[in-house]
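Below is one structure, written out as structure tokens, with a few remarks after it.
In the numbering used here, the protein residues as written are 144 to 588.
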């Protein structure tokens, strides 16, 4: 369920701020951290910000744009909820709008007495009546808005005021020498994540170094290669952690110290993203028994349409697997509205293709790890261009073994070196993220 804006009715003084309603810090520099062509999400974050956190738990706030519209359950002639409005309702009629105040961004968030509404249908433009709000009763799923119509209903069967299921909020209107409306402000959404400690070790026995002629310093090509391999392995694991990571904080049973995990993309979308932002063609019952070739484009069209109010598809990073690319190629071969360009090289050694659609030109980034992992070959991750921020307590650092060739009770006949990072991620424009699965596979339900 997505994080919705919360209305605050009336003056917002110091006593009406939420606890910690400010970020810990706002220092920001460019990320210059090991961009590599085979780790595209890490490479792309070099275009976004990074910030050193003073705490392993970091908070941030994000204010969404108020929709100024919402769903209507029913239109009644009284507040009992049993007398539905009839066709041909006259101007000046008093009606009651039933509203579910528990859904994301309900209509009751945006109206106060005196607000002007345009009552309509989400699927038929012919339904439309202007009305003035007289009273608002916020009562969860049973909320009511009392209105006075300003126009006579058009009485079109199936598209009259009785069929209204949506309302748009217009400015509050006042008479001459009128007062001021009730004030509505909106709280920003509160978000948090943890940094987590990640390590990648390389161990060499004294005998092995002697046999291979390895000297543990950066002048030795063999040792440098081992360090680079360990760093690359850590980078791959960090890329997977960015996708699959889970946010938690617990006391470790062995050390009795705090251990933390960081929230990854998929958990973030499930927690803060738009409902339906993570979905699959293969298990969508709306396309039961359909092949990708026949119904894949319709699936994508409906998804793009539902997400278009949140996503700028042309600037979003579209990270895909080879299976998704093949599936899109199949659609392009059979649909004149879809085409894919040949590869072009962009920054950091990345190569992209562009998917040309009526919704815009999407830059497709072929992810090598998606291709290697069978569960991700048909995946499509949508990441807003400025949606990720790299947060760290300590950025990647190499820690050499200070005890090598030193005696003592804890002597080890060899050395342990390691790479370490203590990092996590901030997610901005959370409703702009999405994750599609099984793009290119036939429906299985």
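Where is the CB? At the ideal position from N, CA and C, for every residue including glycine.
- Judged by DSSP in its simplified three-state form, residue 253 adopts coil rather than helix or strand.
- Within the region 249-304, the runs of beta strand (DSSP E) at least 3 residues long that lie entirely inside it are, in chain order, 259-263, 271-280 and 286-292.
- In the same chain as residue 413, and ignoring 5 residues on each side of it, the C-beta atoms closer than 8 angstroms to its own belong to 421, in chain order.
- Selection 450, 312, 294 and 267 evaluated against residue 300 yields 267 as nearest (Cα-Cα).
- When the alpha-carbon of residue 505 is set against those of 355, 457, 397 and 403, the nearest one is in 457.
- Distance between residue 290 and residue 429, taken at the CA atoms: about 37 angstroms.
- Residue environment analysis places residue 510 among the buried positions, since at least 16 neighbouring C-beta atoms fall within 10 angstroms of its C-beta.
- DSSP places residue 390 in no alpha helix (DSSP H); its state is neither H nor E.
- Setting aside the 5 residues that flank it on each side, residue 579 is surrounded in the same chain by 523, each with a C-beta closer than 6 angstroms to its C-beta; the list follows chain order.
- A check of alpha carbon separations from residue 405 across 518, 216, 337 and 432 identifies 337 as the nearest.
- At a Cβ-Cβ threshold of 8 angstroms, residue 308 and residue 265 count as neighbours.
- Shown here for residue 462: same chain residues with a beta carbon closer than 6 angstroms to its own, the five before and five after excluded, namely 508, 510 and 524 in chain order.
- Burial check for residue 479: the Cβ neighbour count within 10 Å stays below 16, so the residue is exposed.
- In the three-state reduction of the DSSP assignment, residue 371 falls in the helix class.
- Here residue 223 carries a coil assignment [DSSP, helix/strand/coil].
- Per the Cβ contact rule, the region 343-352 is in contact with the region 550-568 (3 or more Cβ pairs under 8 angstroms).
- By DSSP's assignment, residue 539 forms no beta bridge with any residue.
- Note on the region 405-451: whole beta strand (DSSP E) runs with a minimum of 3 residues are 421-423, in chain order.
- Apart from sequence neighbours up to five positions away, the residues of its chain that approach residue 218 with a beta-carbon distance below 8 angstroms are 227, 228, 238, 239, 240, 241, 262, 304, 305 and 307, ordered along the chain.
- Inter-segment contact for the region 580-588 and the region 526-537 is absent: fewer than three beta-carbon pairs are separated by less than 8 angstroms.
- For residue 513, the enclosing alpha helix (DSSP H) covers residues 511-515.
- Non-local C-beta neighbours of residue 451 in its own chain, meaning closer than 6 angstroms and more than five positions away in sequence, are absent.
- Here residue 339 carries a strand assignment [DSSP, helix/strand/coil].
- Non-local beta-carbon contacts of residue 211 in its own chain, meaning distances under 6 angstroms to residues more than five positions away in sequence, involve 253 and 312 in chain order.
- Between residue 365 and residue 204, the beta carbon gap of about 49 angstroms keeps them out of contact (Cβ cut-off 8 angstroms).
- With a cutoff of 8 angstroms on beta-carbon distance, residue 431 and residue 216 are scored as not near each other.
- For residue 472, the enclosing alpha helix (DSSP H) has its first and last residue at 465-477.
- Under the three-pair Cβ rule at 8 angstroms, the region 532-546 does not count as touching the region 386-394.
- A Cβ-Cβ contact shorter than 8 angstroms links residue 214 with residue 246.
- Partner residues in the beta bridge of residue 525, as assigned by DSSP, are 461 and 577.
- CA-to-CA, the gap between residue 573 and residue 233 works out to about 44 angstroms.
- Under the criterion of beta carbons closer than 8 angstroms, residue 288 and residue 316 do not qualify as touching, at roughly 16 angstroms.
- The three-state secondary structure of residue 547, taken from DSSP, is coil.
- Residue 320 counts as exposed, since fewer than 16 other C-beta atoms from the protein chains shown sit within 10 angstroms of its C-beta.
- Secondary structure note for residue 352: its alpha helix (DSSP H) is the uninterrupted segment 349-355.
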